[in-house]
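Position 97 (the sequence shown) corresponds to 462 in our numbering; numbering is contiguous.
Cβ atoms here follow ideal geometry from the backbone N, Cα and C, with glycine treated the same way.
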Amino acid sequence: MSELMQIIRARRSTRAFRAELPPREQVMQLVEAAEWAPSGMGKFLWHFTVVYNAEKSLRLARAVAAATGRGEDYNFYGAPVNIVISYKRDEIHAFLDASAAIENLLLMATESGLGSCWINQIRDCCDDPAVRAILTEYGVPEDHIVICSAAVGYIEKETPAKPRKAGVVTVTE
Ligand SMILES: Cc1cc2nc3c(=O)[nH]c(=O)nc-3n(C[C@H](O)[C@H](O)[C@H](O)COP(=O)(O)O)c2cc1C
């Protein structure tokens, strides 16, 4: 199996992180991988806001929980680092570009021995005033919507792989 395939197959959604911060340079490499993703029409209208601070990550999680009716203990699984991927509002490729970018980021996290999880929760509440105020404070451009974010950190508890669905490939020759 190729090294890339091994990484692809090893990536899991981590749902329990340790509190300590991984080195900042390591985290920035994940963002670099994200930036090298393809982008529709080569527009690259995304922005990556790195929340490299456990307290700030928790503050954002709590605001998201309040805005979405989640329980008070919602905390992005305790990840000390959260990378918010936003995209210029009203751009047709926003969701596709951001999805390509986050997958690169998640794979790079696996390659570098870190856990990661795709987080979908900020998307629907990024225009909630309390959430938006925090996003703006952290550096998300005001004319952007949040597409997704990645919780990142050292793995506290491994996640077992979910079996992949059979019968989803058709080949025609
Ligand atoms: C569009 C999308 C949104 C997701 N949102 C969340 C989320 O908000 N919280 C979460 O714990 N996992 C989220 N996930 C992770 C999926 O639940 C996970 O990828 C799936 O169960 C397969 O497990 P694996 O990633 O370990 O292979 C999301 C994945 C995708 C692709």
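With distances taken between CB atoms, is the gap from Trp411 to Ile448 smaller than 8 Å?
The answer is no: Cβ separation not under 8 Å.
Please find out if some non-hydrogen atom of ligand 1 comes closer than 7 Å to the beta-carbon of Glu377.
Reading off the sequence, residue 377 comes out as Arg, not Glu. Yes, ligand 1 has a heavy atom inside 7 Å of this Cβ.
State whether the region 412-430 contacts the region 385-393, with contact taken as three or more CB pairs (one from each stretch) at a distance under 8 Å.
The region 412-430 vs the region 385-393: in contact.
For Ile352, three-class secondary structure by DSSP:
A question about residue 352 goes unanswered here, because the residues of the chain that appear run from 366 up to 538.
What three-state label does DSSP hand Val505 in the structure shown?
DSSP, reduced to helix, strand and coil, places Val505 outside both helices and strands of the structure shown, so it counts as coil.
Answer with buried or exposed for Gly480, where buried requires no fewer than 16 other C-beta atoms within 10 angstroms of its C-beta.
With 16 or more other Cβ atoms within 10 Å, it is buried.
Are the Cβ atoms of Val446 and Val511 separated by less than 8 Å?
The answer is no: Cβ separation not under 8 Å.
In terms of DSSP beta bridges, what is Trp411 paired with?
In the DSSP output, where bridge partners are listed per residue, Trp411 has Tyr452.
Cβ-based burial, Val534 [other Cβ within 10 Å; buried from 16]
Label assigned to Val534: exposed.
Tell me the DSSP secondary structure of Tyr442 in three-state form.
DSSP, reduced to helix, strand and coil, places Tyr442 within a helical segment of the structure shown.
Need the endpoints of the beta strand (DSSP E) that Ile484 sits in, please.
First-last of the beta strand (DSSP E) with Ile484: Gly480 to Ile484.
Let me check understanding here. Comparing Cα to Cα, which of Asn440, Met473, Glu400 and Ala398 lies closest to Gln486?
Distance check between Gln486 and each of Asn440, Met473, Glu400 and Ala398 places Asn440 closest, using alpha-carbon atoms only.
Report the rounded CA-to-CA distance for Gln371 versus Met473, giving the unit in angstroms.
Rounded to the nearest whole angstrom, the CA to CA distance from Gln371 to Met473 is 12 Å.
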